[in-house]
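In this note's numbering, the protein residues as written are 189 to 308. Think of the CB as a built atom: it goes at the ideal place given N, C-alpha and C, for glycine as much as any other residue. Here is the structure we will look at, set down as structure tokens.
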Amino acid sequence: MLYLGNLPMNVGAFHPMGTNELVLNRRLFKTKKGFDYQKHIFAILLHEYIHSLGFEDEQQVRKLTYKICIENFGRQSPVSEAALTGPWVNLSEEDYDEIAPELNLELVKDFERIDINYII
Ligand SMILES: [Zn+2]
189 MLYLGNLPMN
199 VGAFHPMGTN
209 ELVLNRRLFK
219 TKKGFDYQKH
229 IFAILLHEYI
239 HSLGFEDEQQ
249 VRKLTYKICI
259 ENFGRQSPVS
269 EAALTGPWVN
279 LSEEDYDEIA
289 PELNLELVKD
299 FERIDINYII
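Encoded structure:
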């Protein structure tokens with residue numbers, strides 16, 4: 189299940205271990221016009237998905253995320269770049285200074301529909 193929440197600006201997302209939930213930082217993707225957030229959303233969701241498979245070590249998860257991206261999209265792809273840099277490379281100091289007023293979780297409906305058989 190995917191939630192959007194107001195997290196601190198230095199957090200892209202998190203996965204509560206032992207759950208099937210991912211919480212994506214809503215505020216990170218509302219920062220600047222023209223900010224190419226789609227590549228970052230992909231890289232962040234892949235990163236958190238790897239955590240959800242039981243990988244806890246942050247460095248290992250970052251390496252796996254990057255490896256999966258370069259093997260599937262190529263080293264020069266925007267997704268691979270996002271996996272390497274994270275979304276914070278383009279944020280301003282003001283973006284970092286903001287403090288989330290509250291988590292305000294919102295469930296993303298139909299993120300994983302049970303009537304779709306994409307796992308064989
Ligand atoms: Zn992580």
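At what residues does the beta strand (DSSP E) containing residue 260 begin and finish? Careful: residue 260 lies outside any beta strand (DSSP E), inside the alpha helix (DSSP H) at 246 to 261.
Residues sharing a beta bridge with residue 213, DSSP: 193
In whole angstroms, what is the alpha-carbon distance linking residue 291 and residue 213? 9 Å
Assign residue 230 to one of three DSSP states: helix, strand, or coil. helix
Cα-Cα separation, residue 245 to residue 191: 23 Å
Which one of 189, 297, 196, 232 has the shortest CA to CA distance from residue 206? 189
Name, in chain order, the residues that DSSP records as bridge partners for residue 294. 192
Identify which residue in 296, 233, 247 has its Cα closest to the Cα of residue 203. 233
Pop quiz: residue 200 and residue 293 are said to be a contact at Cβ under 8 Å. What is the actual Cβ separation, rounded to whole angstroms? Their Cβ separation, rounded to whole angstroms, is 16 Å, which puts residue 200 and residue 293 out of contact at 8 Å.
Return yes when at least one heavy atom of ligand 1 lies under 7 Å from the C-beta of residue 290, else no. no
Please work out which residues of its chain come closer than 6 Å, Cβ to Cβ, to residue 296, disregarding the five sequence neighbours upstream and downstream, and give them in chain order. 190
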